[in-house]
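Report on one structure; see the data block that follows.
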Amino acid sequence: MTGTSSQERDYIPGMGKHYLLPFYEVLHRVTALGRVHRDMVELAAPRRGDRVLDVGCGTGNLLRTTGKTGADLFGVDPDLKMLARAERKLRRAGIRARLDRGYAQELRFPDGSFDKVFSSLMLHHLDVASKDEMLAEVRRVLKPGGVFVLADTTRENAGERIAAAGFTVEPTRTRKLRVFREEIGIEVATAH
Ligand SMILES: C[S@@+](CC[C@H](N)C(=O)[O-])C[C@H]1O[C@@H](n2cnc3c(N)ncnc32)[C@H](O)[C@@H]1O
């Protein structure tokens, strides 16, 4: 890990509670979230040498999927335990990525740093003001013509929210994921 945020903030961990972290990978597997990640990579279509940021990267599953494209990878997450898992997983897969402890509301990168920005199932962890801050930060760190691909539950109305933040949004994709007995809709929104 190579950096930290200047300001401590409260955040909601991946499974809602820190002690549930060991079950995160199980959830990833049983919900087939990997399919959503593959959709995201296909939509962003990162190329070798592109700079790609995953905001709320968690245990690094989306970065691992992106790793096969040859892009330069960056991940930000406030949870040091999630980041430690991400680091181990990416190392084992032979994928290089810079992982920083940080927050979506305060991306510590210069303007126009990235060709592609991802965020998977992180938006619903933020309150309304933080969602607006995050979208403004993504706008700032994207290069002109860069692509933002965000997935979250359909309850978040991601496409509408991103459009309201000034992005041009392509038609969104939805997928149904089964989380134990419940089926949840996941919307994948691509924006410029
Ligand atoms: C449900 S997990 C999703 C992890 C990963 N993106 C994936 O698709 O597997 C949500 C993640 O958002 C992170 N998170 C929560 N608040 C955040 C914030 N303010 N900024 C960045 N990440 C945050 C959590 O630590 C957690 O890793």
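Those letters in the sequence shown? Residues 1 to 192, by the UniProt record's numbering.
Even for Gly, the Cβ is constructed at its ideal location relative to N, Cα and C.
Asked                                                                                                    : Found
Coil, strand or helix - residue 8 by DSSP                                                                : coil
Inter-stretch contact (C-beta, 8 Å, three-pair minimum) for the region 82-100 and the region 112-132     : no
Cβ-based neighbour list, residue 175, same chain, cut-off 8 Å, excluding 5 preceding and 5 following     : 35, 36, 39, 185, 186, 188
Ligand 1 heavy atom lying under 7 Å from the CB of residue 56                                            : yes
Spatial distance of residue 156 from residue 94 (CA atoms)                                               : 34 Å
Backbone secondary structure at residue 113 - three-state DSSP                                           : coil
Own chain residues within Cβ distance below 8 Å of residue 16, not counting five before or after         : none
Beta-carbon gap between residue 147 and residue 71 smaller than 8 Å                                      : no
Cβ-based neighbour list, residue 150, same chain, cut-off 7 Å, excluding 5 preceding and 5 following     : 119, 123, 158, 162, 189
Buried versus exposed, by CB contacts within 10 Å (16 or more), residue 2                                : In this prediction, residue 2 scores a pLDDT of 48, lower than 50, which makes its location untrustworthy; no coordinate-derived value is stated.
Beta-carbon proximity check, residue 24 vs residue 58, cutoff 8 Å                                        : yes
Residue from 60, 31, 140, 64 whose Cα sits closest to the Cα of residue 109                              : 140
Proximity to residue 165 [Cα-Cα], best of 183, 134, 144, 14                                              : 134
Heavy atom of ligand 1 within 7 Å of residue 104 beta-carbon                                             : yes
Pairwise C-alpha distance: residue 75 and residue 96                                                     : 11 Å
Close Cβ partners of residue 126 (< 7 Å) along its chain, the five nearest in sequence each way excluded : 104, 134
Reference residue 98, options 154, 29, 21, 54, closest by Cα                                             : 54
Inside the region 46-126 only - beta strand (DSSP E) runs reaching at least 3 residues                   : 51-55, 72-77, 97-101, 114-120
Nearest to residue 136 (by Cα), restricted to the options 154, 106, 152                                  : 106
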